[in-house]
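Numbering (our numbering), first residue to last: 7 to 565.
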């Protein structure tokens with residue numbers, strides 16, 4: 007048990023295994039609005055902790071236990087972790103003016119949580135009470151029997167609707183009357199998440215942006231949109247036009263051969279995302295498909311789309327992220343992105359940079375675009391097959407075989423497999439390993455590092471294993487981390503709760519435990535203040551690649 011104080015600057019505060027009390031500011035300090043944009047990294051560790059981040063733009067992990075977390079300022083990321091947590095995160099931006107749109111992101115994790123927050127609130131597993139913001143916010147119930155409501159009034163709630171699905175939960179939706187929102191007008195249709203995703207869970211969309219589901223809900227479907235990156239050229243009746251320049255009524259070229267080849271744009275959706283604050287940025291970092299990666303002249307130049315965007319290959323739809331090979335098809339880390347999508351009268355295939363790729367299909371996620379109408383429109387699922395898609399999705403085995411053929415094509419184009427590039431980013435500065443061995447890298451950390459990330463190549467899981475159907479992007483399979491330095495030595499297991507962002511769930515086989523990264527695992531919560539050595543132990547890693555010019559130069563040097 008400990009009481010830990012920060013300063014008005016940017017601190018890294020880590021609790022003990024007991025019941026800790028952690029303050030982002032010093033003892034007795036008044037709220038420092040001058041430094042409200044400076045963020046702390048706070049990790050409560052095990053135990054029932056009280057964490058008061060208060061007024062900075064902080065990153066807060068509660069860890070295990072029944073934690074109480076209070077975060078007044080907006081722009082923060084909060085993960086309660088396992089346990090029955092209480093999280094209060096209204097999102098005030100200044101001393102006197104609340105920013106009701108907010109940009110806090112709050113995850114409850116497992117357990118029966120109570121959360122009052124703005125922007126994005128995800129209860130996770132358990133029977134949760136969730137209060138979010140009606141003005142553009144999103145509330146996700148997750149698994150369990152949840153109560154969802156508006157954060158506009160923290161004192162009064164009025165039942166609006168009760169839904170009892172075939173799943174293992176009954177969800178209740180509440181709305182407050184203090185700011186004029188006295189009822190919900192629910193859309194009475196249930197739509198599945200996109201085919202090809204790990205699970206086909208059901209989702210209800212409410213026009214104000216609230217979402218909840220049955221007991222097997224996956225939040226990823228709500229955080230990932232199929233889109234084109236700004237600058238992508240779409241073939242129209244007037245030639246290739248940047249997607250952001252399209253307008254309703256413009257005629258675009260379609261290539262399914264159904265009806266007229268030229269079809270009018272009905273609507274152009276767009277959204278700007280700050281991925282530095284996104285709860286799961288891997289779902290939105292764009293996929294780059296290099297020119298000629300799919301076939302000769304396809305794409306005609308590099309095509310950038312969101313991970314869940316579907317291409318039309320071999321007569322089927324296939325998501326871009328399922329084709330990532332680390333060479334000709336890669337995922338790019340960006341701080342922010344601007345995405346656009348094109349709606350036609352029915353789901354169809356466009357030509358983007360000369361590549362057959364899908365138009366947008368309304369599956370109840372229209373409200374996730376910045377320019378969406380006030381009420382999300384009812385999706386028309388009769389335009390294509392039973393699910394509204396113009397073509398079926400490629401099954402897992404066929405998708406894996408296609409990914410492997412495209413990797414072989416990369417080698418035919420001159421790419422060569424190489425030792426994977428595993429490195430750290432310490433406050434944005436690249437750190438190369440000072441010792442390299444199979445399954446082991448040793449790094450020397452400078453003191454006072456605040457942000458630490460483990461970077462490595464990634465590849466689609468289906469490309470690695472034809473029998474794999476989970477669709478993840480895999481980087482490195484971590485088994486443990488060993489730290490040594492002025493503060494002593496310790497070992498961090500793969501299932502340590504401080505390894506969260508950028509890591510997939512821990513996996514076990516007998517006594518063996520490992521955890522895959524998604525190519526950018528965050529280690530900020532374990533970095534020693536005084537620096538020292540970090541030994542990284544792993545037993546799985548995706549191949550690195552050398553582009554044609556470097557591969558040719560290397561071959562000449564060996565000769």
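No residue lacks a Cβ here, since even glycine has one placed at the ideal position from N, Cα and C. This structure is a prediction, so every number in the text was calculated from the model and none was measured.
| message | Can you give me the C-alpha to C-alpha distance between residue 222 and residue 440, rounded to a whole angstrom? | response | Taking the first residue of the chain shown as 1, we reach residue 222 at position 216. Taking the first residue of the chain shown as 1, we reach residue 440 at position 434. For residue 222, the predicted model reports a pLDDT of 31, less than 50, meaning its position is unreliable and no value from the coordinates is stated.
| request: With a floor of 3 residues, list each beta strand (DSSP E) that falls wholly inside the region 238-311, ordered by position along the chain. | output: 239-242, 245-248, 257-259, 268-270, 273-280, 293-295 and 309-311
| message | Less than 8 Å between the beta carbons of residue 569 and residue 446, yes or no? | response | Only positions 7 to 565 of the chain appear in the structure, and residue 569 is not among them; the question remains open.
| query | Is DSSP giving residue 77 helix, strand or coil here? | reply | The residue labelled residue 77 in the question sits at position 71 within the chain shown. The answer is strand: DSSP assigns residue 77 an E or B state.
| Endpoints, the beta strand (DSSP E) within which residue 526 is located | Within the chain shown, the letter at position 520 stands for residue 526. Under the DSSP assignment, residue 526 falls in the beta strand (DSSP E) whose first and last residues are 526-528.
| request: Please classify residue 362: is it buried, with 16 or more other beta-carbons within 10 angstroms of its beta-carbon, or exposed? | output: Numbered from its first residue, the chain shown carries residue 362 at position 356. It counts as buried.
| Based on the DSSP secondary-structure assignment, which residues constitute the bridge partners of residue 539? | As a working note, residue 539 is residue 533 in the chain shown. Per DSSP, 450 and 490.
| Selection from 55, 275, 484 and 46 that minimises the alpha carbon distance to residue 375 | Walking along the chain shown from the start, residue 375 turns up at place 369. In this structure, 275 is the residue among 55, 275, 484 and 46 with its C-alpha nearest to the C-alpha of residue 375.
| According to DSSP, is residue 532 helix, strand or coil? | Here the question's residue 532 lines up with position 526 in the chain shown. Residue 532 falls in the helix class under three-state DSSP.
| query | Helix, strand or coil for residue 405 per DSSP? | reply | As a first step, residue 405 is located in the chain shown; it is residue number 399 there, counting from the start. In the structure shown, residue 405 sits in a helix (DSSP, three-state: H, G or I).
| message | Relative to the C-alpha of residue 492, which candidate in 451, 464 and 24 has its C-alpha closest? | response | Within the chain shown, residue 492 is the residue found at index 486, counting from 1. Selected option, being the one with the closest Cα: 451.
| What are the residues that DSSP puts in a beta bridge with residue 349? | Taking the chain shown and counting its residues from 1, one reaches residue 349 at position 343. Paired residue(s): 273 and 366.
| request: Please say whether residue 233 and residue 346 have beta carbons closer to each other than 8 Å? | output: Position 340 of the chain shown holds residue 346. Position 227 of the chain shown holds residue 233. Result yes, Cβ atoms of residue 346 and residue 233 sit closer than 8 Å.
| query | With burial defined as no fewer than 16 other Cβ atoms inside 10 Å of the residue's Cβ, what is the status of residue 425: buried or exposed? | reply | Position 419 of the chain shown holds residue 425. That one is exposed.
| said: Once DSSP output is grouped into helix, strand and coil, what is the label at residue 410? | reply: For the purposes of this step, residue 410 is taken as the residue at position 404 of the chain shown. Three-state result, residue 410: helix.
| request: Would you mind working out which of 278, 72, 83 and 421 sits nearest residue 298, comparing C-alpha positions? | output: The residue you call residue 298 lines up with position 292 of the chain shown. Checked all of 278, 72, 83 and 421; the closest Cα to residue 298 is 421.
| query | Just reading off the beta strand (DSSP E) that residue 48 is part of, what are its end residues? | reply | Taking the chain shown and counting its residues from 1, one reaches residue 48 at position 42. From DSSP, the beta strand (DSSP E) with residue 48 extends over 47-49.
| field | DSSP-derived helix/strand/coil call for residue 551 | value | For this step, residue 551 is matched to residue 545 along the chain shown. DSSP, reduced to helix, strand and coil, places residue 551 within a strand of the structure shown.
| said: Report the CB separation of residue 519 from residue 499 in whole angstroms; it is logged as a contact under 8 Å. | reply: Locating residue 519 in the chain shown gives position 513, where the first residue counts as 1. Locating residue 499 in the chain shown gives position 493, where the first residue counts as 1. Their Cβ separation, rounded to whole angstroms, is 7 Å, which keeps residue 519 and residue 499 in contact under 8 Å.
| message | Out of 93, 330 and 301, which one is the CA nearest neighbour of residue 315? | response | Against the chain shown, residue 315 aligns to sequence position 309. Nearest C-alpha to residue 315: 330.
| field | Length of the line joining the Cα atoms of residue 92 and residue 48 | value | Numbered from its first residue, the chain shown carries residue 92 at position 86. Numbered from its first residue, the chain shown carries residue 48 at position 42. Cα to Cα, residue 92 sits roughly 16 Å from residue 48.
| query | Below 8 Å between beta carbons: does that hold for residue 268 and residue 254? | reply | For the purposes of this step, residue 268 is taken as residue 262 along the chain shown, with counting starting at 1. For the purposes of this step, residue 254 is taken as residue 248 along the chain shown, with counting starting at 1. No. Outside cutoff.
| field | Simplified DSSP state of residue 70, which is helix, strand or coil | value | Working through the chain shown from its first residue, we reach residue 70 at position 64. Residue 70 carries a coil assignment under DSSP once its states are collapsed to helix, strand and coil.
| field | Cut-off 7 Å between Cβ atoms - residues of its own chain near residue 247, not counting five sequence neighbours on either side | value | Here residue 247 corresponds to residue number 241 of the chain shown, with the count starting at 1. Taken in chain order, the residues that qualify are 239 and 240.
| message | Given this structure, state the Cα-to-Cα distance separating residue 353 from residue 527, to the nearest angstrom. | response | Working through the chain shown from its first residue, we reach residue 353 at position 347. Working through the chain shown from its first residue, we reach residue 527 at position 521. Straight-line Cα distance between these residues: approximately 36 Å.
| query | DSSP puts residue 421 in a beta bridge; with which residues? | reply | The residue given as residue 421 occupies position 415 in the chain shown. Residue 421 pairs with nothing; no bridge assigned.
| query | When you compare each of 482, 333 and 113 to residue 65 by their alpha carbons, which one comes out closest? | reply | Within the chain shown, residue 65 is the residue found at index 59, counting from 1. That would be 113, whose Cα lies nearest to the Cα of residue 65.
| Other residues of its chain near residue 326: CB distance less than 8 Å, five sequence neighbours each side excluded | By 1-based counting over the chain shown, the position of residue 326 is 320. Result list for residue 326: 293, 295, 311, 312, 313, 314, 315, 316, 317 and 335, in chain order.
| task | Output the boundary residues of the beta strand (DSSP E) element that contains residue 430. | result | Taking the chain shown and counting its residues from 1, the one referred to as residue 430 is at position 424. Here the beta strand (DSSP E) through residue 430 covers 429-432.
| Does DSSP put residue 328 in a helix, a strand or coil? | The residue you call residue 328 lines up with position 322 of the chain shown. Correct three-state label for residue 328: helix.
| query | Can residue 464 and residue 480 be called in contact, C-beta distance under 8 Å? | reply | As a first step, residue 464 must be located in the chain shown, where it is residue number 458. As a first step, residue 480 must be located in the chain shown, where it is residue number 474. With respect to the 8 Å criterion, residue 464 and residue 480 are classified as neighbours on the basis of their beta carbons.
| Cβ-Cβ distance between residue 288 and residue 111 below 8 Å | As a working mapping, residue 288 is identified with position 282 in the chain shown. As a working mapping, residue 111 is identified with position 105 in the chain shown. No; because the gap between Cβ atoms is not below 8 Å, this pair is not in contact.
| field | Nearest residue (CA-CA) to residue 394, options 365, 418 and 328 | value | Sequence index remark: in the chain shown, residue 394 carries index 388 (1-based). Closest by alpha carbon: 365.
| message | Checking the sheet assignment: what are the DSSP bridge partners for residue 442? | response | In the chain shown, residue 442 corresponds to position 436, counting from 1. For residue 442, which the question treats as bridged, DSSP gives the partners 447.
| request: Report the option in 85, 9, 242 and 304 whose CA atom is closest to the CA atom of residue 30. | output: Residue mapping note: residue 30 aligns to position 24 of the chain shown, counting from 1. Here the closest residue by C-alpha is 9.
| Could you check where the beta strand (DSSP E) with residue 85 kicks off and where it finishes? | Translated into the one-based positions of the chain shown, residue 85 becomes position 79. Residues 83-85.
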